[in-house]
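*Asks:* Here you go, one structure.
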């Protein structure tokens, strides 16, 4: 009886192991499966970029983008005015303009992938810009993006609002929803490779987790640089606004037994060029830099308070100067009056002395004449 129970438990365990293996194989295709697909498919149909978005607490979020291409390009990451809204923009120009990532100052995150370089990519970018400006992910906009992606045979677009509301287009389909804190979407150029799930919000290194999601994306044979954007709100005594930390790495394909480490793109950021060949291999990463967006309302308030401070300071300075000048003038006036008084007082004293002196002289003169007259009489 005990032996039968042991056999039953062992059998259940074996079935569980095979089930997990089947799930893993379905979730993360192996390199041999990709090669098998490649034998019956054009290789260009199995290469493509991947965007992963993750909602964090509040309006905070993480986003990664992996470029997948047969040619190298200069990748530009810039702080721009994007359709009237401050934003970070990642794009390339070789073989046609292509916008890859947008992160706005208020937390919208957008990723683009596909073959629609040039005017079509600009059109898709403008559609997502309209959604951001209007503050709403629209079914009509997603359908229009899907029409463009279908025409090119593959591609994707993901747009996520600060609160987690999203719209996704993957080649010939599209869908919407709302991510809760910790939930993520992995958006490749082919829907069968789409993934979703959760990450631990208290994980010590969420950037590395996002990189692992990128390198485990099964769609792509010419893997290149991975950019991670960590958008988070800051509210302290020195800064009030949003900060986006940017991290870089390179996918060498080793997760699937490939070797694409020689494929790399140079990154242009803040006037500096970071050689793609110097980027660490994912899931390791390096910090590229930080972009800060101060809250406009706080800026206005600070500006008003600063201006008022300057005005008050100027008024106080003027008051102090006026009081000082008046005080000095009073002192001078007082001293001048004192001098006049002293002068007139001294003059009166001198006049009295002169008067008494004259009277004394008159007396002396009279006495002298009287003495002389008496002498003559004798």
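Numbering (this note's numbering), first residue to last: -8 to 369.
Every residue, glycine too, gets a C-beta built ideally from N, C-alpha and C.
1) How is the beta strand (DSSP E) around residue 94 delimited, first residue to last?
2) To which residues of the same chain is residue 200 closer than 7 Å at the C-beta, ignoring the five residues directly before and after it?
3) Can you list, in chain order, the residues of its chain with a C-beta nearer than 8 Å to that of residue 325? Leave out the 5 residues immediately preceding and following it.
4) Assuming residue 242 contacts residue 251 under a Cβ cut-off of 8 Å, what Cβ separation, rounded to an integer in Å, is found between them?
5) Select from 267, 157, 298 the residue whose C-alpha is nearest the C-alpha of residue 215.
6) Less than 8 Å between the CB atoms is what I'm expecting for residue 157 and residue 204, so what's the real figure, rounded?
7) Roughly how many whole angstroms lie between the Cα atoms of residue 52 and residue 45?
8) Ordered along the chain, which non-local residues of its own chain (more than five positions away) have a Cβ less than 6 Å from that of residue 127?
9) For residue 103, does the count of other Cβ atoms within 10 angstroms reach 16, so buried, or fall short, so exposed?
10) Which first and last residues belong to the alpha helix (DSSP H) in which residue 203 is found?
11) Within a Cβ cutoff of 6 Å, which residues of the same chain sit near residue 286, ignoring the five residues on either side of it in sequence?
12) Give the single residue among 277, 253, 40, 298 whose Cα lies nearest to the Cα of residue 145.
13) Between the Cα of residue 88 and the Cα atoms of 141, 65, 244, which residue gives the shortest distance?
14) Residues bridged to residue 226 by DSSP?
15) Where does residue 120 fall in DSSP's three states?
16) Tell me the DSSP bridge mates of residue 103?
17) Using 8 Å as the threshold, is the region 153 to 171 in touch with the region 130 to 145, meaning 3 or more CB pairs across them?
18) Output the distance between the C-alpha atoms of residue 278 and residue 185, rounded to the nearest integer angstrom.
19) Can you tell me whether residue 98 is helix, strand or coil according to DSSP?
20) Are there 16 or more other CB atoms within 10 angstroms of the CB of residue 82, so buried, or fewer, so exposed?
21) Am I right that residue 246 and residue 276 are in contact with their C-beta atoms under 8 Å? What's the rounded C-beta distance?
22) Since I believe residue 120 is in contact with residue 96 (beta carbons under 8 Å), could you give me their beta-carbon distance rounded to a whole number of angstroms?
23) Would you identify the three-state DSSP class for residue 86, choosing helix, strand or coil?
24) Would you kindly work out how many angstroms separate the C-alpha atoms of residue 70 and residue 258, rounded to a whole number?
25) Which same chain residues, not among the five before or five after residue 213, have their C-beta less than 7 Å away from its C-beta?
26) Can you look up residue 1 in the DSSP assignment and give me helix, strand or coil?
27) For residue 148 versus residue 101, is the C-beta distance shorter than 9 Å?
28) With distances taken Cα to Cα, identify the nearest neighbour of residue 249 among 261, 221, 281, 210.
29) Which residues in the same chain as residue 260 place their Cβ atom closer than 7 Å to its Cβ, once the five residues preceding and following it in sequence are excluded?
30) Kindly list the residues whose CB is nearer than 7 Å to the CB of residue 370, restricted to its own chain and excluding five residues on each side of it in sequence; keep chain order.
31) Under 9 Å between the Cβ atoms of residue 122 and residue 92?
32) Output the boundary residues of the alpha helix (DSSP H) element that contains residue 213.
33) So, for residue 282: in the same chain, excluding its five sequence neighbours on each side, which residues have a beta-carbon less than 6 Å away from its beta-carbon?
34) If we ignore side chains and look at the alpha-carbon of each, how far apart do residue 313 and residue 228 end up?
35) May I ask you to report which of helix, strand or coil DSSP gives residue 298?
36) State the start and end residues of the unbroken alpha helix (DSSP H) segment that holds residue 155.
*Replies:* The relevant details are as follows:
1) Here residue 94 is taken as the residue at index 103 of the chain shown, counted from 1. That run of the beta strand (DSSP E) goes 89 to 95.
2) The count along the chain shown starts at 1 and reaches residue 200 at position 209. Excluding sequence neighbours, residue 200 sits near 190, 194.
3) In the chain shown, counting from the first residue as 1, residue 325 sits at position 334. For residue 325, where only same-chain residues beyond five positions count, there are no Cβ hits under 8 Å.
4) Position 251 of the chain shown, counted from the start, is the residue given in the question as residue 242. Position 260 of the chain shown, counted from the start, is the residue given in the question as residue 251. The beta-carbon distance between residue 242 and residue 251, rounded to whole angstroms, is 7 Å. This is short enough to meet the 8 Å contact definition.
5) Counting from one through the chain shown, the residue named residue 215 turns up at place 224. Per the Cα distances, 267.
6) Here the question's residue 157 lines up with position 166 in the chain shown. Here the question's residue 204 lines up with position 213 in the chain shown. 16 Å between Cβ atoms; not a contact.
7) Reading the chain shown from its first residue, position 61 is the one you call residue 52. Reading the chain shown from its first residue, position 54 is the one you call residue 45. Distance between the alpha carbons of residue 52 and residue 45: 6 Å.
8) One-based indexing of the chain shown puts residue 127 at position 136. Closer than 6 Å at Cβ, skipping near neighbours: no residue.
9) In the chain shown, residue 103 corresponds to position 112, counting from 1. That one is buried.
10) The residue you call residue 203 lines up with position 212 of the chain shown. Residues 197 to 206.
11) If you number the chain shown from 1, residue 286 lands on position 295. Apart from the 5 residues on each side of it in sequence, residue 286 sits with its Cβ closer than 6 Å to the Cβ of 231, 232 in its chain, given in chain order.
12) Counting from 1 along the chain shown, the entry for residue 145 is found at position 154. Answer by Cα proximity: 40.
13) Within the chain shown, the letter at position 97 stands for residue 88. Answer by Cα proximity: 65.
14) As a first step, residue 226 is located in the chain shown; it is residue number 235 there, counting from the start. 231.
15) What you label residue 120 is simply residue 129 of the chain shown in a count that begins at 1. Residue 120 falls in the helix class under three-state DSSP.
16) Here residue 103 refers to the residue found at position 112 of the chain shown. Residue 103 pairs with 148.
17) Yes: at least three Cβ pairs fall under 8 Å.
18) Start at 1 with the first residue of the chain shown, and residue 278 comes out as number 287. Start at 1 with the first residue of the chain shown, and residue 185 comes out as number 194. Going by the C-alpha atoms only, they are around 28 Å apart.
19) Against the chain shown, residue 98 aligns to sequence position 107. In the structure shown, residue 98 sits in coil (DSSP, three-state: anything other than H, G, I, E or B).
20) Counting from 1 along the chain shown, the entry for residue 82 is found at position 91. That one is buried.
21) Residue numbering aside, residue 246 sits at position 255 when the chain shown is read from its first letter. Residue numbering aside, residue 276 sits at position 285 when the chain shown is read from its first letter. Their Cβ separation, rounded to whole angstroms, is 15 Å, which puts residue 246 and residue 276 out of contact at 8 Å.
22) Here residue 96 is taken as the residue at index 105 of the chain shown, counted from 1. Here residue 120 is taken as the residue at index 129 of the chain shown, counted from 1. So it is not a contact: roughly 14 Å between Cβ atoms.
23) Here the question's residue 86 lines up with position 95 in the chain shown. Three-state DSSP puts residue 86 in coil, outside helix and strand.
24) What you label residue 70 is simply residue 79 of the chain shown in a count that begins at 1. What you label residue 258 is simply residue 267 of the chain shown in a count that begins at 1. Rounded to the nearest angstrom, the two C-alpha atoms are 14 Å apart.
25) Taking the first residue of the chain shown as 1, we reach residue 213 at position 222. Same-chain partners within the cutoff: 38, 59, 60, 61, 251, 254.
26) If you number the chain shown from 1, residue 1 lands on position 10. Caution applies to residue 1, whose pLDDT of 45 falls short of 50 and renders its modelled position unreliable; the model cannot decide the point.
27) Within the chain shown, the letter at position 157 stands for residue 148. Within the chain shown, the letter at position 110 stands for residue 101. Closer than 9 Å, so yes.
28) Locating residue 249 in the chain shown gives position 258, where the first residue counts as 1. Put simply, of 261, 221, 281, 210 the residue whose alpha carbon is nearest the alpha carbon of residue 249 is 210.
29) Position 269 of the chain shown, counting from 1, holds the residue named residue 260. Only 68, 279, 280 meet the Cβ criterion.
30) There is simply no residue 370 to check, as the chain begins at -8 and stops at 369 in what is shown.
31) Here residue 122 refers to the residue found at position 131 of the chain shown. Here residue 92 refers to the residue found at position 101 of the chain shown. Their beta carbons are not under 9 Å apart, which means residue 122 does not touch residue 92 by this criterion.
32) For the purposes of this step, residue 213 is taken as residue 222 along the chain shown, with counting starting at 1. Element bounds for residue 213: n/a, residue is neither H nor E.
33) Along the chain shown, one-based indexing puts residue 282 at 291. Here residue 282 has 70, 79, 235 as same chain residues with Cβ atoms under 6 Å from its own Cβ, once five neighbours each way along the sequence are excluded.
34) As a first step, residue 313 must be located in the chain shown, where it is residue number 322. As a first step, residue 228 must be located in the chain shown, where it is residue number 237. Their Cα atoms are separated by approximately 37 Å.
35) If you number the chain shown from 1, residue 298 lands on position 307. The answer is helix: DSSP assigns residue 298 an H, G or I state.
36) Locating residue 155 in the chain shown gives position 164, where the first residue counts as 1. Boundaries for residue 155: no alpha helix (DSSP H) harbours it, and the DSSP string shows neither H nor E there.
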